[in-house]
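All the letters of the sequence shown, read from the start, carry residue numbers 2 to 292 under this note's numbering. Heads up, the beta-carbon is just placed ideally off N, CA and C, and yes, glycines get one too. Data block below; observations after.
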Amino acid sequence: MWHALQTEISAFLGRPYPLADRHLMQRSPRCQLYRISDGQLALFVKLTDACHGDQLRAEAFGLGELSRFGPLQTPEVVCVGTTKGFGFLVMEYLPFSSPSRLGWQRLGEGLAALHQRQDQAMYGFDDDNFIGDSPQPNPWHKHWYRFFGEQRLAYQLELLAEKGLALEASSGLLDIAGRLLKHHQPGPSLLHGDLWRGNIGFVDDHPVVFDPACYYGDREADIAMTELFGRFDPDFYAAYDDDLPLPDDYEARRELYNLYHLLNHANLFGPHYLEQAQQSAARLLDLYGHQ
């Protein structure tokens, strides 16, 4: 397997890449992460079972789309594919350091610049992809409320039902989503889609984003997720808001957008997140269920 990887890397570089060092950085049931080097160039390798190869290809495609728009740095993809029972994604290795105020500010500015480029008329993406290990369908829609209601909330609720789990008053929840979003038709922005602290890093005060779940949607969904699993640094929000202020009624939608991620975590990781999703749904029903 490593010989096949060396061949792929050598083809990309246009020169031999003899493997001189291989360091296992992290191992989980889903994947292994390595730092490899030929003594001159260090690379980052993500390995999975071959059955997860589609996820790695989707990740590489998302990184390419984010890179194509320019304002946010992403790791350069060297090669992606499957070989000998493994899926692989090889990228440039970036030595991350502790974030600084300037780094957080640049992240806010870069995300605002990404979100400002609204040259897509519809919501969705060219390909379906993944949010964690869950499939994320992205068929194109003209209306944001339909896209989010059907392809985000309803889809995750269906996955729960397939596992024999349920969210109380789920039909009422979809009605609330329709009401909250029916007249909210933001310009479609390219979203990172899975923007939490674990998917960002910093190199010499420059932010780097990775592990995307890209699609075109409401920019508020990206911002909402930065507040879900531990808020980003205040300098990030100040810089973003200076360049692209959030609307006054953003908070009315934040809970709804983050419910998608709680439902996904419930599907992936079980009861603890199902309880959090139920609590979130209850808050939405209390606030908007009688309107």
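How about residue i and residue j: do their beta carbons lie closer than 7 Å?
| i | j | result |
| --- | --- | --- |
| residue 240 | residue 106 | yes |
| residue 290 | residue 173 | yes |
| residue 160 | residue 268 | yes |
| residue 110 | residue 206 | no |
| residue 61 | residue 81 | yes |
| residue 279 | residue 190 | no |
| residue 222 | residue 258 | yes |
| residue 213 | residue 67 | yes |
| residue 199 | residue 215 | no |
| residue 116 | residue 232 | no |
| residue 97 | residue 48 | no |
| residue 102 | residue 236 | yes |
| residue 104 | residue 230 | no |
| residue 84 | residue 162 | no |
Ordered along the chain, which non-local residues of its own chain (more than five positions away) have a Cβ less than 6 Å from that of residue i?
| i | result |
| --- | --- |
| residue 260 | 281 |
| residue 139 | 125, 126, 129 and 216 |
| residue 22 | 38 |
| residue 183 | 146 |
| residue 64 | 75 and 78 |
| residue 196 | 223, 226 and 227 |
| residue 56 | 131 |
| residue 93 | 76 and 77 |
For residue i, which residues does DSSP report across the bridge?
| i | result |
| --- | --- |
| residue 93 | 44 |
| residue 191 | 217 |
| residue 124 | 142 |
| residue 24 | 36 |
| residue 130 | 137 |
| residue 80 | 91 |
| residue 179 | Looking at the DSSP assignment, residue 179 forms no beta bridge with any residue, so it has no partner. |
| residue 74 | 209 |
| residue 203 | 208 |
What residues in its chain sit with their C-beta under 7 Å from that of residue i, if we drop five residues either side in the sequence?
| i | result |
| --- | --- |
| residue 171 | 158 |
| residue 142 | 123, 124, 125 and 148 |
| residue 284 | 256 |
| residue 26 | 34, 35 and 36 |
| residue 251 | 221 |
Candidates the options: which alpha carbon is nearest residue i's?
| i | options | result |
| --- | --- | --- |
| residue 176 | 78, 199, 8 and 154 | 154 |
| residue 287 | 266, 253 and 272 | 253 |
| residue 99 | 234, 266 and 265 | 234 |
| residue 226 | 262, 35, 83 and 54 | 262 |
| residue 18 | 31, 50 and 79 | 79 |
| residue 20 | 26, 28, 30 and 2 | 2 |
| residue 30 | 50, 152 and 162 | 50 |
| residue 53 | 164, 218 and 33 | 33 |
| residue 192 | 169, 266 and 132 | 132 |
| residue 265 | 152, 57 and 69 | 152 |
| residue 218 | 250, 248 and 185 | 185 |
| residue 276 | 250, 169 and 247 | 169 |
Residues in the same chain with beta-carbon distance under 8 Å from residue i, minus the five sequence neighbours each way, listed in chain order, please.
| i | result |
| --- | --- |
| residue 301 | The chain is shown from 2 up to 292; residue 301 falls before or after that span and cannot be answered. |
| residue 87 | 2, 48, 49, 50 and 51 |
| residue 164 | 268 |
Within the chosen definition, does the stretch 61-80 reach the stretch 209-225 through at least 3 CB pairs nearer than 8 Å? In this structure the stretch 61-80 lies against the stretch 209-225, because at least three pairs of beta carbons, one per stretch, are closer than 8 Å.
So, does the stretch 30-44 touch the stretch 7-21, judging by three or more C-beta pairs under 8 Å? Touching, yes.
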